[in-house]
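Number of protein chains: 2
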Amino acid sequence: MPDLPGGDADFRVVAARARDAATTLAVVTRAAKDAALGAMADRLLAARDPILRANAEDVVAAEGSGSGAHLLDRLRLDDDRLTGMAQGLRDVAALPDPVGELVRGSTLANGLQLQQVRVPFGVVGIIYEARPNVTADAAGICLKSGNAVLLRGSSSSLHSDTAIVEALRQGLATTGLPADAVQLVPGRGHAAANELMRARGLVDVLIPRGGAGLIRSVVEESTVPVIETGVGNCHVYVDAAADLEMALRIVMNSKTQRTSVCNAAESLLVHEAVADEFLPMVVPALQQAGVLLHGDDRFAACGGVQPATEDDWGAEYLGLEMSAAVVPDLEAAVDHIRRYSSHHTDAIVTGSQPAARRFVAAVDSAAVLVNASTRFTDGGEFGFGAEIGISTQKLHARGPMGLPEMTATKYVVTGDGHIR
Amino acid sequence: MPDLPGGDADFRVVAARARDAATTLAVVTRAAKDAALGAMADRLLAARDPILRANAEDVVAAEGSGSGAHLLDRLRLDDDRLTGMAQGLRDVAALPDPVGELVRGSTLANGLQLQQVRVPFGVVGIIYEARPNVTADAAGICLKSGNAVLLRGSSSSLHSDTAIVEALRQGLATTGLPADAVQLVPGRGHAAANELMRARGLVDVLIPRGGAGLIRSVVEESTVPVIETGVGNCHVYVDAAADLEMALRIVMNSKTQRTSVCNAAESLLVHEAVADEFLPMVVPALQQAGVLLHGDDRFAACGGVQPATEDDWGAEYLGLEMSAAVVPDLEAAVDHIRRYSSHHTDAIVTGSQPAARRFVAAVDSAAVLVNASTRFTDGGEFGFGAEIGISTQKLHARGPMGLPEMTATKYVVTGDGHIR
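The listed protein sequences correspond, in order, to chains S and Z.
In terms of the working numbering, the numbers along the first sequence are unbroken and rise by one, the last being 420.
In terms of the working numbering, the numbers along the second sequence are unbroken and rise by one, the last being 840.
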């Protein structure tokens, strides 16, 4: 059994080690980082047995404490998932290095050369739930973007996370990069999370990954700058000018292709002009797929539809449920979305160019889609190759966050003795 | 005497009005915003008498309460300053509109069109001190970037701020844009600031402008995402390979050209190899300019130099004082800067390309300068045309913030019925 990394250290010591590691990482080459990611993947596979044994301990404990099937599914590792985690590290190695990218450059009137270049944040904190795969994913993305990471998972995945971090650190060490680039925050429970959240100056950015409750508490309590991720109450609006067969495909895909994810649709809005035709198409189709509808009066008049309450309009069901309403026009749809959307992803289905243009301009969400499923708001689908999460805040990054979003910038100004 | 804008309204009402105004502003044309900025400038000049009367009230009260000369100077308005404020609004009108700018765009493998475009934040809160000119500056920058602004100045500039906001609102109204795009937060004192800082969901971004104490309290207490601005403990490092005449010019300019600003140098580091030659040049020159030096042993051996305490290395004097040390090599300079810098601006003077390259890579500050005065870290000098402040945090914006930094982005995804 490996030592618990950092198990004997207090938070400030761990954070100081992370800062030292970040200082080294900021100036290492892409080749060195890619080699380390490969070694991390190798060690993860080599440590298959101890990792799966550690995970089995967590799973038995979670079963014993009566955890739900959903949590157990996310917690449980097997050969396939471990192989996927290792492959994820190799995929990140294959992506371009964002560090050093020139964001803008110019020569000023006085001859000063001005360059804005991407640099790592430094130390990134990740607070997440009982999903051991996030441990490797987050470590890989942070390393590639030149950041040291402080990981704080759930108590119920502590054995798994510990074994995974141990393997990743061994991989780093074999290639000569500082093992302290990847560390678990010592301790679990709220006190450990609190130390991370109050570590302004020690930690540069904090990213919570998990459910709405976790994210809300981090946002409320953190003095470290936070990137808020993930809550998705996504809408599909079927416009008067929609191709209704296309609308049906998009609604079904947005709602049912995968229901437990933040980019699944949770609410359907239908223009009054097509309601008589579209409701008899979409209601039975959703119901046959097992979706329970919470509808306004028009929808509730269809068989099997429950009347929606005010809470339904704001609900992120993450399951086979959907709220649904008929709206008098596009502006009413926009108003509804403005009021209830979590500003993650909202889609319009329409054949009308003016309607599409107005919807795109008026809906203030991280992603606004025209004639496409809400399920496309995803770093992988967007071609980013890796994703640390989907930001629903406006500061720094909005929408799927890839490697460039894991960096800050620095101005480099070069002169020949320039003074003012 | 005009009504106090928002004086009868509670904070949530004011914030809701700002949200409505922001919704309108987000989709108005550049031409409409530029016309409004012109009208705001006109009204500011037309309201010269009531504004100067209101300002005189504030100045008399501040004098009565024994405020220092520095505060009074910043508080006091005159014809020239008012003309400058109006010209500032016209200058902002002349700048490109950041809203709608395409940040990146591509067509995905499946034919989906992906565009990332700049959009306004929505509602921006500004917390600042007794500087009435900031009222107009911030309102202009926020309007041009499509944001509604909630302004919370100091109690000691309440009459001035109220009169200025009234004029700006009248200018907006004459061109048909919502006057509520520019509002004062009702009330003053800590309670009013607190409402603004806890208004997550109502206010999108909060920018404190002022001294270190103000900024620290906003950062600690705000649940609204904050952009931290301004504290500058800036260093000039004179390398072994420096042209010492150039180094002298840069040190003198960085320290003495203007001392009360965040990009003034506060600390001087000199490579040991040139100390014997450079100290006899720089110490008398600084002293003749009235600068009190707080030096290490080497500097303190020169006449008139006080021994530096640990506090001196971290001090932002904002006046005619400077800490100074001799370092054994470039790495020691980098270590010193890492430890004490506020990560605003740090400069190297050197003729060595490897030294410049190492310093630029290793110093993690918003701006790193080579052979140029620290005073160049400024939105105006960088050619941004307008500046809301200089960010010293890593999230979202770092360094001088112009109009593009006052926006978020949105992904617009367009398909032909795409599903996953």
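Ideal Cβ positions, reconstructed from N, Cα and C, are used throughout, including at glycine.
Being a predicted model, the structure only gives us computed values, none of them experimental.
Identify the continuous alpha helix (DSSP H) that holds S:D311 and give its terminal residues. 310–314
Helix, strand or coil at S:E405 according to DSSP, with G and I counted as helix: helix
| task | Over the uninterrupted beta strand (DSSP E) stretch that includes S:T345, give me the two end residues. | result | 345–349
**OP:** Would you mind sorting Z:R522 into buried or exposed? The rule is 16 or more other CB atoms within 10 Å of its CB.
**Re:** Before going further, note that residue 522 of chain Z is Leu rather than Arg in the sequence given. Result: exposed.
Legend entry - Closer than 9 Å to chain S by CB, Z:L789: yes
Check: Cα-Cα, which of Z:F779, Z:P824, Z:I546 is closest to S:V412?
Finding: Checking every option, the nearest Cα to that of S:V412 belongs to Z:F779.
| Can you find a C-beta in chain Z that's less than 9 Å from the C-beta of S:G290? | no
Next item on the list: Tell me, please, whether the CB atom of S:L236 is closer than 9 Å to any CB atom in chain Z?
Entry: Sequence check: residue 236 of chain S is Val here, not Leu. Taking Cβ atoms only, chain Z never reaches closer than 9 Å to S:V236, which makes this a no.
Checklist entry - Using DSSP with H/G/I as helix, E/B as strand and the rest coil, what is S:D428? => result Here chain S comprises residues numbered 1 to 420, so residue 428 of chain S is not present and cannot be evaluated.
Separation of S:A39 from S:P400, as counted between CA atoms: 27 Å
Considering S:L143, what are the terminal residues of the alpha helix (DSSP H) in which it resides? 132–144
Check: Interface residues of chain S around Z:A446 at Cβ under 9 Å?
Finding: A361, A362, D364
From S:M246, S:R198, S:V305, S:V274, pick the residue whose C-alpha is nearest to that of S:F11; which is it? S:R198
How many angstroms separate the CA atom of S:A408 from the CA atom of S:G402?
-> 13 Å
Quick check on the DSSP output: the alpha helix (DSSP H) that includes Z:D628 runs from which residue to which? A small correction: the amino acid at residue 628 of chain Z is Pro; Asp does not occupy that position in the sequence shown. Premise fails: Z:P628 lies in the beta strand (DSSP E), 625–629, not in any alpha helix (DSSP H).
Practice problem: Determine whether the Cβ of S:D8 lies closer than 9 Å to any Cβ atom of chain Z. | Solution: Residue placement at S:D8 cannot be trusted, given a pLDDT of 46 that sits under 50; what the coordinates show is reported in the next sentence. No, because no Cβ of chain Z sits closer than 9 Å to the Cβ of S:D8.
Proximal chain Z residues relative to S:R200, where beta-carbon distance stays under 9 Å: Near S:R200 (Cβ distances below 9 Å), the residues of chain Z are V639, E640.
Per DSSP, what are the beta-bridge partners of Z:K830 in this structure?
Z:V537
### Task
Could you give the DSSP three-state label for S:R104: helix, strand or coil?
Per DSSP, reduced to three states, the secondary structure at S:R104 is strand.
Do you know offhand how far Z:L638's Cα is from Z:L789's? According to the sequence provided, residue 638 of chain Z is Val. The question's Leu does not apply to it. Each residue's alpha carbon lies about 29 Å from the other.
- Item | Unbroken stretches of the alpha helix (DSSP H), 4 residues or longer, contained in the region 10–94 of chain S | 11–25, 30–46, 48–64, 69–75, 79–94
(message) Please report whether the beta-carbon of S:L4 lies at a distance below 9 Å from any beta-carbon of chain Z.
(response) Interpretation of S:L4 is limited by its pLDDT of 39, a score under 50 that renders its predicted location unreliable; the figure taken from the coordinates is listed afterwards. Taking Cβ atoms only, chain Z never reaches closer than 9 Å to S:L4, which makes this a no.
Contacts that Z:H816 makes with chain S (C-beta to C-beta distance below 7 Å): L395, H396
*asked:* Rounded to whole angstroms, what is the Cα-Cα separation between S:S157 and S:I348?
replied: 40 Å
Verify whether the separation of the beta carbon atoms of S:I390 and S:N233 is less than 9 Å.
no
Legend entry - Spatial distance of Z:L464 from S:L206 (CA atoms): 43 Å
Could you pull the start and end residues of the beta strand (DSSP E) that Z:G809 belongs to? 809–811
task = On a CA-only basis, which of S:G125, S:V124, S:R104 is nearest S:Q115? Give me that one, please.
result = Nearest option by C-alpha distance: S:R104.
- Over the uninterrupted alpha helix (DSSP H) stretch that includes Z:Y760, give me the two end residues. Here the alpha helix (DSSP H) through Z:Y760 covers 750–760.
Query raised in the report: Among residues of its own chain, excluding the 5 on either side of Z:T555, which ones have a beta-carbon nearer than 7 Å to its beta-carbon?
Result: L571, G573, D581, I584, V585
TODO: Say whether the region 537–554 of chain Z touches the region 495–510 of chain Z, bearing in mind that this needs 3 or more beta-carbon pairs closer than 8 Å, one atom from each stretch.
DONE: yes
### S:L292 beta carbon less than 9 Å from that of S:E321
yes
- Task: Measure from the alpha carbon of Z:K830 to the alpha carbon of each residue in Z:G542, Z:R620, Z:R669, then state which is nearest.
- Result: Z:G542
Output, in chain order, the set of chain S residues within a Cβ distance shorter than 7 Å of Z:P645. In chain order: Q393, L395.
- prompt: Helix, strand or coil for Z:A667 per DSSP?
  reply: The answer is helix: DSSP assigns Z:A667 an H, G or I state.
- Item | chain S within 9 Å of Z:S687, Cβ atoms only | no
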